[in-house]
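*Asks:* Residue numbers (this note's numbering): 3 to 367.
Just so it is clear, CB atoms sit at the ideal spot from N, CA and C, and this is done for glycine as well.
Dumping the structure here so I can ask a few things about it.
Rendered as structure tokens:
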């Protein structure tokens, strides 16, 4: 293999593959990236036996095709620290030589035959979607997915396709986030799959253009997402996602509409004096607007009053975990509507036509 590659384009690809290559594993080969040089493209491949990534670098001049396998983190560090516009790659004697204007690195390579096969898309895609809207929907749901390994079925985001609509749902048992995206093309039957957070983080981090098209194909235990730039493959999360429709509040009769930025700032300030024990702030709503308050025992109290709130309903006081509110407000549009029923019942935040966020209250008594 022999080629000259644009360093910035290569850095983008290696940064992505390093997020897949296993950091700690009894199989050192999974810490590697496979470099395959063909006509006018250098393909970087990483795989941890659950999530795989093929990333195509097209800003390259290939003079000899071939492939090699080297440690991903080592190569990434070399490319990151270089100041050259281009880097020259050449394989010789089981090693990869990386040359810049004033530098030469030699990385020991491994046989690519030992690298496990990475799943690829076979046949036609089930549907296609623009990256920009999909990335927005991922951003509005991924943060609510469970982190505990003991709750495996909700360690991902539910994808439900019906017609040309794709709905995303995530929950950790204390809050639930929903969003949706319109599909460019859709064939086949309805889809119901739980996609792991690692695969969705890849979609968010890769340097896709907002109008770039992702083709998606699902099988009973696998999802593959493909664009001209990259192909992501991942096993699906096993288990049954909770019946989220059952927890959606449908009779919340107290509704406050206000600018997102105002509530975001108020929650941050009220939380400055909330205690670790209570892990909550109080929201009071009535005819005089909204008041947020926090109290930390033996430290003090905080009160933030918001005007310009359009509120309809009876007076109410309710407690929420401020971190759960902030997570949602950071991904909302310009305005939000907070819908409540009783202090012991979940509230719901709505923003725009597709984002809905259900959050359980906390007891501050």
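Report yes if the C-beta distance between residue 204 and residue 48 is below 8 Å; otherwise report no.
*Replies:* No, these two residues do not count as a Cβ contact at 8 Å.
*Asks:* Give, in chain order, every unbroken run of the beta strand (DSSP E) that is at least 3 residues long and sits entirely within the segment 5 to 53.
*Replies:* The segment 5 to 53 contains these whole beta strand (DSSP E) runs: 34 to 40, 43 to 49.
*Asks:* Can you give, in chain order, each stretch of the beta strand (DSSP E) that sits fully within the segment 270 to 330 and has at least 3 residues?
*Replies:* Listed in chain order, the complete beta strand (DSSP E) runs (minimum 3 residues) inside the segment 270 to 330 are 283 to 288, 291 to 298, 302 to 308, 312 to 314, 318 to 322.
*Asks:* Pull the bridge partners of residue 262 from the DSSP assignment, please.
*Replies:* In DSSP, residue 262 forms no bridge with anything.
*Asks:* With 16 other CB atoms within 10 Å as the buried threshold, where does residue 154 fall?
*Replies:* By the neighbour-count rule (16 or more Cβ atoms within 10 Å), residue 154 is not buried but exposed.
*Asks:* Span of the beta strand (DSSP E) holding residue 65?
*Replies:* Where residue 65 is concerned, the enclosing beta strand (DSSP E) stretches over 62 to 66.
*Asks:* Pop quiz: residue 368 and residue 193 are said to be a contact at Cβ under 8 Å. What is the actual Cβ separation, rounded to whole angstroms?
*Replies:* No answer is possible for residue 368: the residues shown for the chain start at 3 and end at 367.
*Asks:* Determine the direct distance from the alpha carbon of residue 132 to that of residue 214, and round the result to whole angstroms.
*Replies:* Going by the C-alpha atoms only, they are around 6 Å apart.
*Asks:* Look up residue 200 in the DSSP assignment and say whether it is helix, strand or coil.
*Replies:* Helix at residue 200.
*Asks:* Go through its chain and collect everything with a Cβ distance to residue 298's Cβ below 8 Å, but skip five positions before and after it.
*Replies:* Around residue 298: 275, 276, 277.
*Asks:* Where residue 71 and residue 109 are concerned, what is the direct C-alpha to C-alpha distance, given to the nearest angstrom?
*Replies:* Approximately 10 Å between the Cα atoms of the pair.
*Asks:* Taking the CB atoms as reference points, tell me whether residue 177 and residue 86 lie closer together than 8 Å.
*Replies:* No, they are not a contact pair.
*Asks:* So which of 111, 247, 66 has the shortest CA-CA distance to residue 77?
*Replies:* Of 111, 247, 66, the residue nearest in Cα terms is 111.
*Asks:* Quick check: residue 349 and residue 340, are their CB atoms within less than 8 Å of each other?
*Replies:* Result yes, Cβ atoms of residue 349 and residue 340 sit closer than 8 Å.
*Asks:* Just checking my contact of residue 296 with residue 273 at CB under 8 Å: how many whole Å lie between their CB atoms?
*Replies:* Yes, residue 296 and residue 273 are in contact; Cβ-Cβ is about 6 Å, under 8 Å.
*Asks:* Using C-beta distances below 8 Å, list every residue in its chain close to residue 229, excluding the 5 sequence neighbours before and after it, in chain order.
*Replies:* So the list reads 133, 210, 214, 215, 216, 217, once near-sequence residues are dropped.
*Asks:* Whole angstroms is fine: what's the gap from residue 16's alpha carbon to residue 188's?
*Replies:* If I take the Cα positions, the gap works out to 32 Å.
*Asks:* Are the Cβ atoms of residue 364 and residue 271 separated by less than 8 Å?
*Replies:* No; because the gap between Cβ atoms is not below 8 Å, this pair is not in contact.
*Asks:* Which first and last residues belong to the beta strand (DSSP E) in which residue 160 is found?
*Replies:* From DSSP, the beta strand (DSSP E) with residue 160 extends over 158 to 164.
*Asks:* Thinking residue 233 and residue 312 are a contact (beta carbons under 8 Å), I'd like their distance in whole angstroms, please.
*Replies:* That pair is no contact at about 47 Å.
*Asks:* Does DSSP classify residue 142 as helix, strand or coil?
*Replies:* Residue 142 falls in the coil class under three-state DSSP.
*Asks:* Considering only DSSP beta bridges, list what residue 116 is partnered with.
*Replies:* In the DSSP output, where bridge partners are listed per residue, residue 116 has none listed.
*Asks:* Does the Cβ-Cβ distance between residue 33 and residue 39 come in under 8 Å?
*Replies:* Going by C-beta atoms, residue 33 is not nearer than 8 Å to residue 39.
*Asks:* Could you give the distance in angstroms between the alpha-carbon of residue 199 and the alpha-carbon of residue 289?
*Replies:* Rounded to the nearest angstrom, the two C-alpha atoms are 42 Å apart.
*Asks:* Using a 10 Å radius around the Cβ and a threshold of 16 neighbouring Cβ atoms, would you call residue 323 buried or exposed?
*Replies:* Counting Cβ neighbours within 10 Å, residue 323 comes out buried, since at least 16 surround it.
*Asks:* Would you identify the three-state DSSP class for residue 102, choosing helix, strand or coil?
*Replies:* Note: residue 102 maps to coil in three-state DSSP.
*Asks:* Can you tell me which of the three DSSP states residue 127 falls into?
*Replies:* Note: residue 127 maps to coil in three-state DSSP.
*Asks:* Measure the C-alpha to C-alpha separation of residue 317 and residue 344 and round it to an integer number of angstroms.
*Replies:* Those two C-alpha atoms are separated by around 10 Å.
*Asks:* Is it true that the CB of residue 207 sits closer than 8 Å to the CB of residue 68?
*Replies:* No, they are not a contact pair.
*Asks:* Using 8 Å as the threshold, is the C-beta distance between residue 6 and residue 90 below it?
*Replies:* Yes. Within cutoff.
*Asks:* Shortest alpha-carbon distance to residue 315 belongs to which of 342, 294, 307, 335?
*Replies:* It is 342 whose Cα lies nearest to the Cα of residue 315.
*Asks:* Taking the C-alpha atoms as reference points, what is the distance between residue 407 and residue 202?
*Replies:* Lying outside 3 to 367, the shown extent of the chain, residue 407 is not represented and no answer is given.
*Asks:* Using alpha carbons as the reference points, say which of 248, 236, 231 lies closest to residue 221.
*Replies:* Comparing Cα-Cα distances from residue 221 to each of 248, 236, 231, the minimum goes to 236.
*Asks:* Tell me which residues share the same chain as residue 379 and place their Cβ nearer than 6 Å to its Cβ, disregarding the 5 neighbours each side in the sequence.
*Replies:* In the structure displayed, the chain extends from 3 to 367; residue 379 sits before or after that span and is not available.
*Asks:* Between 106, 300, 35, 61, which has its C-alpha nearest residue 42's C-alpha?
*Replies:* Checking every option, the nearest Cα to that of residue 42 belongs to 61.
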